[in-house]
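Undergrad: Under the numbering used here, think of the first position of the sequence shown as 12, with each following residue one higher. Every residue gets a Cβ at the ideal spot worked out from N, C-alpha and C, and that includes glycine. Please see the structure below; I have some questions.
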Amino acid sequence: MLKTHKLMFLVCFAALHRLFPATTFMQEHFHLNQYATTLFRVNPGQSQSWVQSVHGPAGIAAEEKNRLQHNSSPATSNAEFLSALRAGDQAHARFDNQAALAAYQKALRLDSTHYDVLWKLTRSHADVGFAAKGRAQKDHYLLAERFARRCVALYPDSAQGHFFLAVALGRLALNVGGKQKVRLSKEIKIAAERALALDPRHDGAMHVLGRWHYELANLSWVLRAFAKVLYGGVPPGGHAQAAAWFEKALAINPNSPAHHLWLGETLIELKEHARAQEHLQICLRLPDLMWDDGRNKKQAEKALAKIQNKLE
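Right, here's the structure in full:
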């Protein structure tokens with residue numbers, strides 16, 4: 012009887028192996044369970060339905076791989092899928108990050124490999140995480156990273172995938188120590204540069220590179236010493252390079268409060284207070300384009316107050 016069970020197991024495993032190559036099957040199964048486990052900590056109510064709809068024969072079947080290669084998806088003709096994706100976009104446009112996340116999760120249940128779903132889930136987890144605290148915040152950032160990595164793995168020539176990988180890693184860097192920040196900084200820069208290579212007019216990637224140079228310029232001597240040991244030196248970077256990237260971003264998108272804010276902050280570091288004041292005031296006058304522009308404007312007000320006595 013035992014031999015019979017073993018034989019049946021081997022036959023079943025061989026059949027599974029033909030349908031789902033071992034590496035792909037195990038990796039996909041692991042990632043799906045990881046997402047369900049982490050999602051349960053973030054929002055227990057959503058986890059159960061997600062597991063029921065997505066758990067099962069994990070991995071990408073042959074016909075699914077074929078449609079990915081041709082950049083098409085059967086779900087794009089599915090009214091329910093399109094409705095969920097549209098609901099997520101509408102929620103994002105009205106700055107309702109929780110509703111956007113829920114809608115994109117619904118779309119994920121209908122097509123777990125769709126390009127727009129993957130990068131928009133990355134964006135939503137990064138956005139929701141920014142407003143969260145403690146472990147929930149870290150979990151959202153880890154999920155943002157996971158979806159971004161899956162996006163660039165399936166769609167290596169997607170600018171949005173690489174850009175939001177840089178964003179996700181940047182958010183993770185907010186919650187780690189200095190040495191880990193230095194480690195993450197290398198991949199952040201690579202991801203942003205890749206996004207810009209794919210889309211030379213991607214002002215978001217330009218902004219990330221500006222922030223990268225800004226943060227690098229503010230490294231302590233201890234972290235600079237660590238970077239020298241880790242990478243053989245600190246890559247060239249400074250406030251002048253940061254300002255140049257923010258100016259490039261503004262040339263593409265002059266109505267972004269975030270671009271004006273960070274150019275203003277950088278000009279303060281460069282002691283160009285009159286120009287800094289100009290960009291900070293523009294930041295305050297512009298309408299909000301993104302959900303966090305309210306925060307950006309509060310930061311601009313503080314920066315203006317800080318340089319007020321230097322303008323008199």
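Is the beta carbon of A269 closer than 7 Å to that of L291?
TA: Counted from its first residue, the sequence shown places residue 291 at position 280. Counted from its first residue, the sequence shown places residue 269 at position 258. No, Cβ-Cβ distance for L291 and A269 is not below 7 Å.
Undergrad: Using 8 Å as the Cβ pair cut-off and three pairs as the minimum, do the region 136 to 152 and the region 173 to 193 touch?
TA: Taking 8 Å as the limit for Cβ pairs, the verdict is that the region 173 to 193 does touch the region 136 to 152.
Undergrad: Quick one: which unbroken alpha helix (DSSP H) runs of 4-plus residues sit fully inside the region 255 to 303? Chain order, please.
TA: The qualifying runs are 268 to 280 and 284 to 296.
Undergrad: Given A143, which residues of its chain have a CB within under 7 Å of its CB, disregarding the five upstream and five downstream residues?
TA: Within the sequence shown, residue 143 is the residue found at index 132, counting from 1. Only H151 meet the Cβ criterion.
Undergrad: For T124, which of helix, strand or coil comes out of DSSP?
TA: Within the sequence shown, the letter at position 113 stands for residue 124. It is coil, neither helix nor strand.
Undergrad: Where do the ends of the alpha helix (DSSP H) carrying D214 lie?
TA: The residue labelled residue 214 in the question sits at position 203 within the sequence shown. That run of the alpha helix (DSSP H) goes D214 to A228.
Undergrad: Report buried or exposed for N229, applying the criterion of at least 16 other Cβ atoms within 10 angstroms of its Cβ.
TA: Taking the sequence shown and counting its residues from 1, the one referred to as residue 229 is at position 218. Under this definition N229 is an exposed residue.
Undergrad: Would you mind stating whether G221 and F257 have Cβ atoms separated by less than 7 Å?
TA: Numbered from 1 along the sequence shown, position 210 holds the residue referred to as residue 221. Numbered from 1 along the sequence shown, position 246 holds the residue referred to as residue 257. Contact flag set, yes.
Undergrad: Hey, could you find the ends of the alpha helix (DSSP H) Y152 is sitting in?
TA: Here residue 152 refers to the residue found at position 141 when the sequence shown is read from its first residue. Its alpha helix (DSSP H) spans residues G145 to L165.
Undergrad: Taking the alpha carbon of A110 as the reference point, which residue from Y126, A262 and K131 has its own alpha carbon closest?
TA: Stepping through the sequence shown from its first residue, residue 110 is reached at position 99. A110 has its Cα closest to that of K131, out of Y126, A262 and K131.
Undergrad: Between which two residues does the alpha helix (DSSP H) carrying L322 extend?
TA: Numbered from its first residue, the sequence shown carries residue 322 at position 311. Counting along the chain, L322 falls outside any alpha helix (DSSP H), and DSSP gives it neither H nor E.
Undergrad: Taking buried to mean at least 16 other C-beta atoms within 10 Å of its own C-beta, is E276 buried or exposed?
TA: Taking the first residue of the sequence shown as 1, we reach residue 276 at position 265. By the neighbour-count rule (16 or more Cβ atoms within 10 Å), E276 is buried.
Undergrad: Quick check on this structure: which residue in A118, L93, L227 and P167 has the alpha carbon closest to the alpha carbon of L195?
TA: Numbered from its first residue, the sequence shown carries residue 195 at position 184. Comparing Cα positions, the closest option is L227.
Undergrad: Determine whether the beta carbon atoms of A260 and D214 lie at a separation below 7 Å.
TA: Within the sequence shown, numbered from 1, the residue matching residue 260 stands at position 249. Within the sequence shown, numbered from 1, the residue matching residue 214 stands at position 203. Yes; because the gap between Cβ atoms is below 7 Å, this pair is in contact.
Undergrad: Is DSSP giving V178 helix, strand or coil here?
TA: Start at 1 with the first residue of the sequence shown, and residue 178 comes out as number 167. Looking at V178 - three-state DSSP - the assignment turns out to be helix.
Undergrad: In the structure shown, what three-state DSSP assignment does S94 receive?
TA: The residue labelled residue 94 in the question sits at position 83 within the sequence shown. Correct three-state label for S94: helix.
Undergrad: On the criterion of 16 or more Cβ atoms from any shown chain inside 10 Å, does L185 qualify as buried, or is it exposed?
TA: In the sequence shown, residue 185 corresponds to position 174, counting from 1. That one is exposed.
Undergrad: I'd like the list of long-range same chain contacts for L315, defined as Cβ closer than 6 Å, with 5 residues on each side in sequence excluded.
TA: Your numbering for residue 315 matches position 304 in the sequence shown. If we look at L315 and ignore the five residues flanking it on each side, its Cβ neighbours are L291.
Undergrad: With DSSP run on the structure shown, which of helix, strand or coil describes F106?
TA: Numbered from 1 along the sequence shown, position 95 holds the residue referred to as residue 106. Three-state result, F106: coil.
Undergrad: Excluding the five sequence neighbours on either side, which residues of its own chain have a C-beta within less than 6 Å of the C-beta of K321, listed in chain order?
TA: Here residue 321 is taken as the residue at index 310 of the sequence shown, counted from 1. Hits under 6 Å: H284.
Undergrad: Is V187 helix, strand or coil by DSSP?
TA: Numbered from 1 along the sequence shown, position 176 holds the residue referred to as residue 187. Note: V187 maps to coil in three-state DSSP.
Undergrad: By the 10 Å Cβ neighbour count, where 16 or more other Cβ atoms means buried, how is K309 classified, buried or exposed?
TA: In the sequence shown, residue 309 corresponds to position 298, counting from 1. By the neighbour-count rule (16 or more Cβ atoms within 10 Å), K309 is not buried but exposed.
Undergrad: How long is the line joining the alpha carbons of F158 and S123, rounded to whole angstroms?
TA: To locate residue 158, count along the sequence shown from 1; it is residue 147. To locate residue 123, count along the sequence shown from 1; it is residue 112. Those two C-alpha atoms are separated by around 10 Å.
Undergrad: DSSP state of N307, grouped into three classes?
TA: Working through the sequence shown from its first residue, we reach residue 307 at position 296. Three-state result, N307: helix.
Undergrad: Out of curiosity, what's the CA-to-CA distance linking R105 and V233?
TA: For the purposes of this step, residue 105 is taken as the residue at position 94 of the sequence shown. For the purposes of this step, residue 233 is taken as the residue at position 222 of the sequence shown. For R105 and V233, the distance between alpha carbons rounds to 43 Å.
Undergrad: CA-CA distance, L112 and G99?
TA: Position 101 of the sequence shown holds residue 112. Position 88 of the sequence shown holds residue 99. Cα-Cα distance, rounded: 7 Å.
Undergrad: So what does DSSP say about S135, is it helix, strand or coil?
TA: In the sequence shown, counting from the first residue as 1, residue 135 sits at position 124. Three-state result, S135: helix.
Undergrad: Go ahead and label S169 buried or exposed: buried means 16 or more other beta carbons lie within 10 angstroms of its beta carbon, across all protein chains shown.
TA: Start at 1 with the first residue of the sequence shown, and residue 169 comes out as number 158. Buried.
Undergrad: Where does G249 fall in DSSP's three states?
TA: Residue numbering aside, residue 249 sits at position 238 when the sequence shown is read from its first letter. Here G249 sits in coil by DSSP.
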